[in-house]
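Numbering (our numbering), first residue to last: 1 to 300.
Take a look at the structure set out below.
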């Protein structure tokens, strides 16, 4: 049951993190307009199960007035709201309070702050500073701390276990897999992180894509109303989700005769690479190109 939509307010980000699912960077293009946000929220009200609206990116606070107005519009329509940010603006607690005060007034219920070595090194970090400011304002907040994948320990059967918290999608699948233990592709027969049959949340991007997982589109809400896309969604009949539900990335590869190797770090790693190889065949469903590493000036 769909309970949340997450606006990818912009693909632009002031950072270019190796673990980013979406390949965001300062060069990335695509930002919601206020009209698009308003229209999408009005359409979202037609989905009875929907409770939460999040704003993230990219880095949503790069378009701060748009972000604040988006939260206000969502609250006006009765939705609970959250924001995900890297808090680059939190030079000190006093400054961070200025940035966060409007969200207190609007009744924001969740502020998620990236606070790890991908975003900043040192004992005093923007994420930590913003967390202190949020707590001083009574704003519900938490830190997101993701580490580079490492071999942490040996499992019960002697198999190495990959830790660190990074999911190997997007840029992470391209940048963070070297030296990690692998598994046979034939073993990767499920999707352990997403409920593709009954998604609880989707991400919406400025180009209209409704992401079930980053780069895996349910459809385009600029072409078909969001409520219609959600109510008519059938995982079994979706050309990509159907094989994934039935057999994970190994099933997807088998369905379309994709042979890109025998061993991969995990399901996300294999799935991302299989989907990337299928982009030309399913350009509307495996979209946008940005999420598969295409720069704005590149074709394809």
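Here a beta-carbon is modelled for each residue, glycine too, at the ideal position from N, C-alpha and C.
Residue i burial status per 10 Å Cβ neighbour count (16 or more: buried)
i, result
"residue 13", "buried"
"residue 188", "buried"
"residue 275", "buried"
"residue 241", "buried"
"residue 171", "buried"
"residue 1", "exposed"
"residue 7", "buried"
"residue 290", "buried"
"residue 159", "Note that residue 159 scores 49 on pLDDT, short of 50, meaning its location in the model is unreliable and no value can be drawn from it."
"residue 260", "exposed"
"residue 178", "exposed"
"residue 193", "exposed"
"residue 87", "buried"
"residue 232", "exposed"
"residue 271", "buried"
"residue 195", "exposed"
"residue 25", "buried"
"residue 161", "The predicted model places residue 161 with a pLDDT of 44, which falls under 50 and marks its position as unreliable, so this point remains unresolved."
"residue 57", "buried"
"residue 92", "exposed"
"residue 5", "buried"
"residue 200", "exposed"
"residue 333", "Given that the chain is displayed from residue 1 to residue 300, the structure contains no residue 333 and the question cannot be resolved."
"residue 234", "exposed"
"residue 118", "Here residue 118 scores only 45 on pLDDT, less than 50, and its place in the model should not be relied on; the value that follows carries that caveat. By the 10 Å Cβ count, residue 118 comes out buried."
Among the options, the one whose alpha carbon lies nearest that of residue i
i, options, result
"residue 265", "180, 294, 75", "180"
"residue 73", "85, 200, 103", "103"
"residue 77", "28, 44, 59", "44"
"residue 169", "129, 22, 36, 206", "22"
"residue 284", "208, 63, 251", "208"
"residue 139", "96, 174, 57", "96"
"residue 109", "71, 30, 5", "71"
"residue 215", "279, 75, 99, 69", "279"
"residue 129", "85, 106, 107, 105", "85"
"residue 79", "63, 58, 42", "42"
"residue 217", "195, 225, 204", "204"
"residue 52", "10, 83, 3, 90", "3"
"residue 65", "47, 33, 91", "33"
"residue 175", "16, 99, 5, 287", "16"
"residue 83", "135, 186, 141, 126", "141"
"residue 224", "56, 39, 61, 19", "39"
"residue 186", "248, 25, 233", "248"
"residue 245", "229, 257, 213", "213"
"residue 90", "62, 281, 11", "62"
"residue 229", "236, 190, 220", "220"
"residue 237", "197, 111, 263", "197"
"residue 112", "132, 133, 143, 243", "143"
"residue 173", "19, 10, 199, 98", "19"
"residue 184", "267, 9, 107, 133", "267"
"residue 36", "59, 28, 10", "10"
"residue 258", "277, 243, 269", "277"
In DSSP terms, what residue i is bridged to
i, result
"residue 101", "According to DSSP, which records beta bridges pairwise, residue 101 is partnered with nothing at all."
"residue 52", "4, 80"
"residue 25", "12"
"residue 31", "10"
"residue 362", "For the chain, the structure presents residues 1 to 300; residue 362 sits outside this window and is missing."
Unbroken beta strand (DSSP E) run spanning residue i, endpoints
i, result
"residue 142", "141-144"
Residue range of the alpha helix (DSSP H) that includes residue i
i, result
"residue 110", "Where residue 110 is concerned, there is no enclosing alpha helix (DSSP H), although the beta strand (DSSP E) it sits in stretches over 110-114."
"residue 126", "126-137"
"residue 35", "34-44"
Residue-chain proximity (residue i, chain E), Cβ-Cβ < 7 Å
i, result
"residue 200", "Of the protein chains in this structure there is only one, and it is not chain E."
Check: residue i C-beta below 6 Å from any heavy atom of the ligand COA
i, result
"residue 28", "This structure lacks the ligand COA; in fact it carries no ligand of any kind."
What are the start and end residues of each continuous beta strand (DSSP E) run of 3 or more residues lying completely inside the stretch 168-204, in chain order?
201-204
Complete runs of the alpha helix (DSSP H) confined to the stretch 207-271 [at least 4 residues]:
226-232, 241-255
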